[in-house]
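The structure appears right after this line, and notes come after that.
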């Protein structure tokens with residue numbers, strides 16, 4: 006199953022509802038900054054739709070709820086500690102596991118998260134673009 010297929014499955018099963026909610030709150034909270042960002046891009050000769058402006062801003066900002074995203078990364082680290090503990094038959098060094106997870110997986114985790122956010126945006130872009138215009 007491809008990354009996009011997995012995201013689609015999670016979206017359709019409701020597992021991404023928290024991201025849908027976070028994205029709406031993010032657009033409302035960042036509305037003035039998103040509009041300023043559009044003005045900056047237009048001053049460079051780019052003419053952008055609401056959809057493109059929001060997408061570019063999301064790709065630039067890369068996070069819509071830092072607190073939730075940190076908690077979810079910590080859950081991944083806890084999962085990794087549990088797996089290692091089972092494999093080794095004893096509790097692993099927690100700090101070592103956290104550092105290793107960050108080195109090996111944090112960039113890919115962030116890229117996947119951004120892809121997921123953009124996918125969620127695409128599914129309800131009319132609603133999200135409407136939030137920018139309010």
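Numbering (this note's numbering), first residue to last: 6 to 139. Ideal Cβ placement from N, Cα and C applies to all residues, glycine included.
| query | What are the start and end residues of each continuous alpha helix (DSSP H) run of 4 or more residues lying completely inside the stretch 54 to 123, in chain order? | reply | Given a length threshold of 4 residues, each whole run of the alpha helix (DSSP H) inside the stretch 54 to 123 is given here in chain order: 55 to 66 and 71 to 93.
| message | Assuming residue 7 is part of the alpha helix (DSSP H), what are its boundary residues? | response | It is not in any alpha helix (DSSP H) - residue 7 carries neither H nor E in the DSSP assignment.
| field | Beta-carbon proximity list for residue 53, same chain, < 8 Å, skipping 5 on both sides | value | The beta carbon of residue 53 is closer than 8 Å to those of 43, 46, 47 and 61 in its chain, skipping five residues each way along the sequence.
| task | Taking the CB atoms as reference points, tell me whether residue 103 and residue 82 lie closer together than 8 Å. | result | Judged by beta-carbon spacing, residue 82 lies within the 8 Å limit of residue 103, meaning their Cβ atoms are closer than that value.
| Are the Cβ atoms of residue 24 and residue 121 separated by less than 8 Å? | Closer than 8 Å, so yes.
| said: Give me, in chain order, the residues of the same chain whose beta-carbon lies closer than 7 Å to that of residue 16; leave out the 5 immediate sequence neighbours on both sides. | reply: Close CB contacts of residue 16 within its chain, under the 7 Å cut and outside five residues either way in sequence, are with 124, 125 and 128 (chain order).
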